[in-house]
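In this note's numbering, the protein residues as written are 8 to 352. Just so you know, even glycine gets a beta-carbon here, dropped at the ideal spot from N, CA and C.
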């Protein structure tokens with residue numbers, strides 16, 4: 008095997024070159040660190056700079072909009088109250104199917120809200136995401152003028168089909184009807200039930216609207232800054248209850264109100280210096296495409312006509328009549344008008 012002779016001076020020079028080659032990158036990186044250090048640590052005292060979480064994610068991005076909001080349900084559309092499961096003796100007064108003119112609506116109301124918005128990074132404050140938070144809304148179901156509010160749902164009972172003369176019981180019923188005299192229309196066999204109109208108040212439900220819109224600000228640096236937006240909403244409804252005295256006189260019926268998604272359109276204007284924190288605003292939101300389905304189960308009503316109650320008593324029925332179930336749908340076409348003073352961080 009050949010032997011290579013290297014003099015000590017050559018070994019020294021080689022070791023120096025290796026050391027320089029190994030230390031060079033670290034020295035360059037250290038120098039780079041020293042140049043970047045002021046932007047991270049900054050200052051002679053070594054205190055951190057403001058280029059942290061707030062500046063990167065909050066400043067000039069997040070804004071709040073405390074407001075008074077007015078919920079307008081004037082454009083709401085309602086189906087007619089539809090009965091199902093109607094059996095005797097309720098069938099003497101009502102039938103399965105819709106009741107003409109029996110519609111409901113939702114009462115308008117004012118509430119306190121807080122809008123939260125966030126300017127999307129990289130859009131120059133042209134685009135932002137917005138939502139509204141607040142306490143759950145108490146939605147009150149009320150009767151529209153007409154059959155549901157002003158007239159009895161079952162004003163009369165048709166007793167003519169009870170009398171055929173084929174049995175002792177039917178003869179007894181015939182005698183009872185005869186004793187009622189003029190209270191029964193001889194041609195139609197109709198007798199007043201004594202069931203009153205329902206009136207205006209029907210029931211209530213708590214609703215938590217969960218909404219999000221993408222808004223576009225065409226002039227983010229102007230003093231007057233209009234914007235438009237669109238998005239979605241989900242009405243989470245819970246704790247539904249019937250508060251109508253006629254419907255709860257005998258027992259509390261079941262009351263279920265569905266939760267529902269919908270779409271949201273938005274338009275508004277911010278007014279104030281774009282460099283300042285505070286600004287005033289006006290805002291309008293339209294909720295559409297949301298249909299709330301309400302279902303009443305085990306509805307019972309009380310007959311306030313003793314003669315009719317006595318007549319049905321011969322058949323083993325009392326003065327409390329099981330009507331069945333009832334359904335009504337509300338198409339939500341609501342407006343939310345908001346006004347307040349916002350703050351941009």
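Checklist entry - Skipping 5 residues on each side, what residues in its chain have a beta carbon closer than 8 Å to that of residue 332? => result The sequence position of residue 332 within the chain shown is 325, counting from 1. Closer than 8 Å at Cβ, skipping near neighbours: 90, 91, 92, 302, 303, 304, 305 and 306.
Checklist entry - In its own chain, which residues sit with a C-beta less than 8 Å from the C-beta of residue 255, not counting the 5 before and 5 after it? => result Looking up residue 255 in the chain shown gives position 248. Only 249 meet the Cβ criterion.
Item to check | Stretch pair the segment 122 to 134 + the segment 211 to 219: three plus CB contacts closer than 8 Å | outcome: no
Checklist entry - Going by DSSP, which residues form a beta bridge with residue 301? => result Along the chain shown, one-based indexing puts residue 301 at 294. Residue 301 pairs with 264 and 335.
Next on the checklist: Do residue 164 and residue 200 count as a contact pair if the criterion is CB distance below 8 Å?
Outcome noted: Here the question's residue 200 lines up with position 193 in the chain shown. Here the question's residue 164 lines up with position 157 in the chain shown. Cβ atoms of residue 200 and residue 164: closer than 8 Å.
Item to check | Cβ separation of residue 299 and residue 221, assumed to be a contact under 8 Å, to the nearest whole Å | outcome: Along the chain shown, one-based indexing puts residue 299 at 292. Along the chain shown, one-based indexing puts residue 221 at 214. With 8 Å as the limit, residue 299 and residue 221 do not qualify as a contact, their Cβ atoms being about 25 Å apart.
Next on the checklist: Using a Cβ distance threshold of 8 Å, determine whether the segment 310 to 324 contacts the segment 62 to 74, with at least three qualifying pairs required.
Outcome noted: These segments do not touch.
Checklist entry - Between the Cα of residue 251 and the Cα atoms of 111, 153 and 210, which residue gives the shortest distance? => result In the chain shown, counting from the first residue as 1, residue 251 sits at position 244. Minimum Cα distance to residue 251 is reached at 210.
Item to check | For residue 351, the three-state DSSP class (helix, strand or coil) | outcome: Residue 351 sits at position 344 when you count from the first residue of the chain shown. Here residue 351 sits in strand by DSSP.
Item to check | residue 264 classed as buried or exposed, judged by whether at least 16 other C-beta atoms fall within 10 angstroms | outcome: Residue mapping note: residue 264 aligns to position 257 of the chain shown, counting from 1. Under this definition residue 264 is a buried residue.
Item to check | Span separating the alpha-carbon of residue 154 from that of residue 160 | outcome: As a working mapping, residue 154 is identified with position 147 in the chain shown. As a working mapping, residue 160 is identified with position 153 in the chain shown. Their backbone Cα atoms lie some 7 Å apart in a straight line.
Item to check | Own chain, CB closer than 6 Å to residue 76, minus 5 neighbours either side, in chain order | outcome: If you number the chain shown from 1, residue 76 lands on position 69. Contacts found: 118, 120, 343 and 345.
Next on the checklist: Could you give the first and the last residue of the continuous beta strand (DSSP E) run that contains residue 130?
Outcome noted: The count along the chain shown starts at 1 and reaches residue 130 at position 123. Neither: residue 130 is in no beta strand (DSSP E) and is coded neither H nor E.
Item to check | Per-residue DSSP class, three states only, for residue 205 | outcome: Within the chain shown, residue 205 is the residue found at index 198, counting from 1. Three-state result, residue 205: coil.
Item to check | Element boundaries [alpha helix (DSSP H), containing residue 252] | outcome: Counting from 1 along the chain shown, the entry for residue 252 is found at position 245. 252 to 255 is the span of the alpha helix (DSSP H), which, as asked, contains residue 252.
Checklist entry - What residues in its chain sit with their C-beta under 6 Å from that of residue 281, if we drop five residues either side in the sequence? => result As a working mapping, residue 281 is identified with position 274 in the chain shown. 228.
Checklist entry - What is the C-beta distance between residue 327 and residue 257, in whole angstroms, given that I count them as a contact (C-beta under 8 Å)? => result Your numbering for residue 327 matches position 320 in the chain shown. Your numbering for residue 257 matches position 250 in the chain shown. Correct: roughly 5 Å between the Cβ atoms.
Checklist entry - In whole angstroms, what is the alpha-carbon distance linking residue 78 and residue 142? => result For the purposes of this step, residue 78 is taken as residue 71 along the chain shown, with counting starting at 1. For the purposes of this step, residue 142 is taken as residue 135 along the chain shown, with counting starting at 1. In a straight line, the C-alpha of residue 78 is about 14 Å away from that of residue 142.
Item to check | Which of helix, strand or coil DSSP assigns to residue 62 | outcome: For the purposes of this step, residue 62 is identified with residue 55 of the chain shown, where counting begins at 1. Helix, per DSSP.
Item to check | Residues sharing a beta bridge with residue 307, DSSP | outcome: Residue numbering aside, residue 307 sits at position 300 when the chain shown is read from its first letter. Partner(s): 329.
Next on the checklist: Tell me which residue opens and which closes the beta strand (DSSP E) that residue 357 is part of.
Outcome noted: Summary: the structure shown does not reach residue 357, with the chain confined to residues 8 through 352, and so no result is reported for it.
Item to check | Under 8 Å between C-beta atoms of residue 338 and residue 88 | outcome: Taking the first residue of the chain shown as 1, we reach residue 338 at position 331. Taking the first residue of the chain shown as 1, we reach residue 88 at position 81. No; because the gap between Cβ atoms is not below 8 Å, this pair is not in contact.
Item to check | Nearest candidate by alpha-carbon position, reference residue 340, set 269, 150 and 116 | outcome: Looking up residue 340 in the chain shown gives position 333. If we check each option's Cα against that of residue 340, 269 comes out closest.
Next on the checklist: With distance defined between alpha-carbon atoms, name the residue in 146, 162, 157 and 235 nearest to residue 207.
Outcome noted: Along the chain shown, read from residue 1 onward, the residue named residue 207 stands at position 200. Of the listed residues, the one whose Cα sits closest to residue 207 is 157.
Item to check | residue 226 to residue 81 span [Cα, whole Å] | outcome: In the chain shown, residue 226 corresponds to position 219, counting from 1. In the chain shown, residue 81 corresponds to position 74, counting from 1. Near 33 Å, if we compare the C-alpha coordinates of residue 81 and residue 226.
Checklist entry - Residues in its own chain within less than 6 Å of residue 28 by CB, not counting five upstream and five downstream? => result For this step, residue 28 is matched to residue 21 along the chain shown. Low confidence applies to residue 28: its pLDDT is 41, below 50, so where it sits in the model is not reliable, and the reading given next is rough at best. Hits under 6 Å: none found.
Next on the checklist: Between which two residues does the beta strand (DSSP E) holding residue 164 run?
Outcome noted: The residue you call residue 164 lines up with position 157 of the chain shown. First-last of the beta strand (DSSP E) with residue 164: 163 to 165.
Checklist entry - Under a Cβ-count criterion, where at least 16 other Cβ atoms within 10 Å of its own Cβ denotes burial, should residue 38 be classed as buried or exposed? => result Residue mapping note: residue 38 aligns to position 31 of the chain shown, counting from 1. Its pLDDT being 39, under 50, residue 38 is placed unreliably by the model, and the measurement read from it follows with that caveat. Exposed: under 16 other Cβ atoms inside 10 Å.
Item to check | Inter-residue spacing [alpha-carbon to alpha-carbon] between residue 202 and residue 309 | outcome: For the purposes of this step, residue 202 is taken as the residue at position 195 of the chain shown. For the purposes of this step, residue 309 is taken as the residue at position 302 of the chain shown. Computed Cα separation, rounded: 7 Å.
Item to check | Sequence ranges, beta strand (DSSP E) only - wholly within the segment 93 to 120, length at least 3 | outcome: 111 to 113
Next on the checklist: With H, G and I counted as helix, E and B as strand and the rest as coil, what does DSSP make of residue 318?
Outcome noted: Residue 318 sits at position 311 when you count from the first residue of the chain shown. DSSP, read as helix, strand or coil, puts residue 318 in helix.
Checklist entry - What three-state label does DSSP hand residue 68 in the structure shown? => result Numbered from its first residue, the chain shown carries residue 68 at position 61. Residue 68 falls in the coil class under three-state DSSP.
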